[in-house]
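Each remark here refers to the structure printed beneath this line.
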Amino acid sequence: MADKKPRIVIVGAGFGGVKLAKLFAKDDVEITLVDRHNYHLFQPLLYQVSTAVLSTDEIAYPIRTFFRKNPNVEFFMAKAQGVDQSRNVLLTNHGEIEYDYLVLAAGATTNFFGMKEVEEHSFGMKSLQEALHIRNHVLHMFERANKSKDPEERKKMLSFVIVGGGPTGIEEAGAISELVGIQKKEFHNLDFSEVSIKLIEATPNVLPMMPQNLRDHTVEVLRGKGVEVLLDTQVVGYDGHTIKLKNGEEIPTSTLIWAAGVKAVPFIADCGGEVDRAGRVIVDENLRVNGSKNVFAIGDCANFCHGTERPLPTVAPVATQEAKVAHENILRLIRGEENLQTFVYKDLGAMATIGRGQAVVAKTSMNPEMTGFIAWCAWMFVHLIRLAGTHTNITVAIKWTWNLLSGTRLGRIITNIKI
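See below:
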C-alpha cells in the first residue's frame, strides 16, 4: 500500500492562499483550498466596480479554473469556523476537514472600531457584494435627487462621504468625483452645485506609507477634482442621515463609505493561537502560529512583527511573499527537517491612483518616485499583471484605455429594485 500523501489545508483563496495552492500543486501532496466564495477576488479594484468602471467578472475569477489541471487540488466551498489543533481538524459549516498541515490565509474584513451604529448604516469596501451595494446606492441617489422637491433632502442625497485616507479611500473619492462628472452630462435638470464629496481622515496625513511630498500632491489633486479633504477629523457616529464628528460638527448625508481600517475575519480568534487587537493571529519568524508545530498563518490575518516596528501591512505583496516561505517550510517539515526558513519581507513600495491619468508611486530600490500620468501607467501595469486570466487582462486594459480617452462608464446599471 502506497504511503498516504500529506494533507495540506489552506483557508482563504485570496492572494496568499491561491499563490500557496499553486506552489503546492506541483508537489506530491493533497491540497484542500477552503473559501466561502467560489471565486478569487482582486480586492484592490473593488472601488472600480463600486463606481461603474469595471464589472464583477473582471475582478473575480473562479477558483476551480486555477486548478483545472491539478487533480491534487480540491476546492471546498464552506465558511471556516475554527480549528481544533488537538485533533488536527478545521471546523466549517459543512463539516470537519482533517489536515496534516494547515495554513490560515483568510484575509481581513472592515474594522469599524467598535462603532455599531456606523457599522449598521455605512458601506464597507471589502467584498464584491459591498462594491455592488455602493454602486447601486450611489446611482439611486442621483435618480432620487432628480425627482426630489426638497432642497435639504436633495443635498443630503448628493453628499458623498468617504472615511479613510489610505489607498482605498483615496481611489474611491477620486473615482466618485469622476462619476459625478459623467452624471452631470446626463442629468439635465439637476443642480450639480449641490453635489458634495468629502474625504475624512482621522490623522494629519493621507497615505501613511508615502513620503510627505506625495501625500501633499495627492490632497492637491483630490481638491482639484472637487473633493473636500478633511484631515485630523474623526467620525464618532452615523445614523444613516447625519455623521457626527468628534469636534461636535455634523454632516448631513445619505452616503458614508467606510475605508478606515481592517481587522482579521472573526473565526481567526477560534484557531487556537494568540491574536492582537485587530484579531490577527500572532506568528513566529517562520510564519507558524505561536505554540503550534503544523499551523501557519499568512497575509492579512497574520501578525508578523519580527525585526519590524509594527506588524507588516495588509497588502498583497506581503501575502504572496509569505506564501513562498510557508510553502518551503511545510516541505521541510514533511522531509523531517527542523531548520525552517525565516521570513524577511522585501518592500516593493506603494502606489495609489487618484483618478484618470493620475497616480502616485513611492520611491523604492525597485522603482523611482512618480506622479501624474507616468505613475498612472505604472499603477495600471502592476495591477494588470496581477489580474487572473488573459481574457480579464485584455478586457480591463481596453476598458481603462477607453475610460481614459472618453470618460465613458457604461457600467452605471442599477441591479436592485429600489424605486
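Read in order, the letters of the sequence shown are residues -5 to 413 in my numbering. Think of the CB as a built atom: it goes at the ideal place given N, C-alpha and C, for glycine as much as any other residue. For clarity, every value in this text was computed on a predicted model and none was experimentally measured.
Can you name, in chain order, every residue of its own chain whose Cβ lies under 8 Å from the Cβ of residue i, other than the five neighbours on each side?
| i | result |
| --- | --- |
| K150 | H235, P246, T247, S248 |
| D270 | I276, N297, P305 |
| R217 | V223 |
| K240 | T227, Q228, V229, V230 |
| L398 | R350, G351 |
| S49 | V43, G405 |
| H321 | L14, L17, F18 |
| T402 | I176, W396 |
| F181 | F136, N140 |
| S286 | Q79, G266, G267 |
| T302 | Y339 |
| N333 | R326 |
Contact defined as beta carbons within less than 8 Å: I believe residue i pairs with residue j. What is the distance between those atoms, to the nearest angstrom?
| i | j | result |
| --- | --- | --- |
| L17 | A99 | Actually they are not in contact, since the Cβ atoms of L17 and A99 sit about 12 Å apart, beyond 8 Å. |
| I4 | E24 | I4 to E24, Cβ: 11 Å. No contact. |
| Y33 | A19 | Going by Cβ atoms, the distance from Y33 to A19 rounds to 18 Å, so no, they are not a contact pair. |
| E162 | A253 | Before going on, a small fix: residue 162 reads as Thr here, not Glu. Confirmed, Cβ separation roughly 4 Å. |
| L281 | V319 | 6 Å |
| F186 | K178 | 5 Å |
| A125 | L40 | 4 Å |
| E172 | R406 | The Cβ separation is near 12 Å, so there is no contact. |
| Y232 | V112 | 5 Å |
Could you pull the DSSP bridge partners for residue i from this structure?
| i | result |
| --- | --- |
| T249 | F154 |
| P260 | BP columns for P260 are empty, so no partner. |
| R1 | E24 |
| T419 | Because the chain is modelled from -5 through 413, residue 419 falls outside the range shown and cannot be assessed. |
| F70 | V28 |
| Y33 | P56 |
| Y95 | I2 |
| I276 | N297 |
| D78 | V83 |
| L126 | The partner list for L126 (beta bridge, DSSP) is empty, contrary to what the question assumes. |
| F290 | V97, R282 |
| L239 | V229 |
| G401 | Answer by DSSP bridge pairing: none, since G401 is not bridged. |
| E322 | DSSP lists no partner for E322. |
| F117 | I251 |
| E268 | DSSP output for E268 lists no bridge partner at all. |
| T103 | K257 |
| M345 | V355 |
Got a sec? Which residues, its chain only, sit under 7 Å from residue i by beta carbon, not counting five neighbours each side?
| i | result |
| --- | --- |
| D341 | T358 |
| A344 | M203, M204, A356 |
| D22 | K(-1) |
| V67 | A15, A19, I25, L27, F61 |
| M(-5) | Caution is warranted here: a pLDDT of 40 is assigned to M(-5), below 50, making its placement in the model unreliable, and no coordinate value can be reported. |
| V213 | V200, V223 |
| V12 | H34, F60 |
| R209 | N199, V200, L201 |
| P56 | N32, Y33 |
| R81 | none |
| S400 | none |
| E165 | Y41, A346, T347 |
Taking C-beta to C-beta, are residue i and residue j nearer than 9 Å?
| i | j | result |
| --- | --- | --- |
| M364 | V354 | yes |
| A391 | L378 | yes |
| V97 | I328 | no |
| M109 | V223 | no |
| I251 | E244 | no |
| G10 | T314 | yes |
| W370 | T395 | no |
| R129 | T59 | no |
| R148 | E188 | yes |
| R380 | F36 | yes |
| S431 | S190 | Nothing can be reported for residue 431: it is not among the residues displayed for the chain, which extend from -5 to 413. |
| A200 | G101 | The residue asked about is misnamed: residue 200 is Val in this sequence, not Ala. Contact: no. |
| C295 | G76 | no |
| A272 | N105 | yes |
| G266 | V289 | yes |
| T336 | E279 | yes |
| N361 | A372 | yes |
| F414 | K73 | No answer is possible for residue 414: it lies beyond the span of the chain, which begins at -5 and ends at 413. |
| G70 | H88 | According to the sequence as given, residue 70 is Phe; it is not Gly. For F70 and H88, yes; Cβs fall inside 9 Å. |
| V83 | Y93 | yes |
| G8 | G383 | no |
Which residues in the same chain as residue i place their Cβ atom closer than 6 Å to its Cβ, once the five residues preceding and following it in sequence are excluded?
| i | result |
| --- | --- |
| L225 | E195, P198 |
| A291 | L98, V275, V277, V283 |
| A169 | Y41, T45 |
| V157 | I194, V229, W252, A254 |
3 or more residues per run - each beta strand (DSSP E) lying fully within the segment 166 to 237:
Entirely contained in the segment 166 to 237, the beta strand (DSSP E) runs reaching 3 residues are, in chain order, 190 to 194, 221 to 224, 229 to 232.
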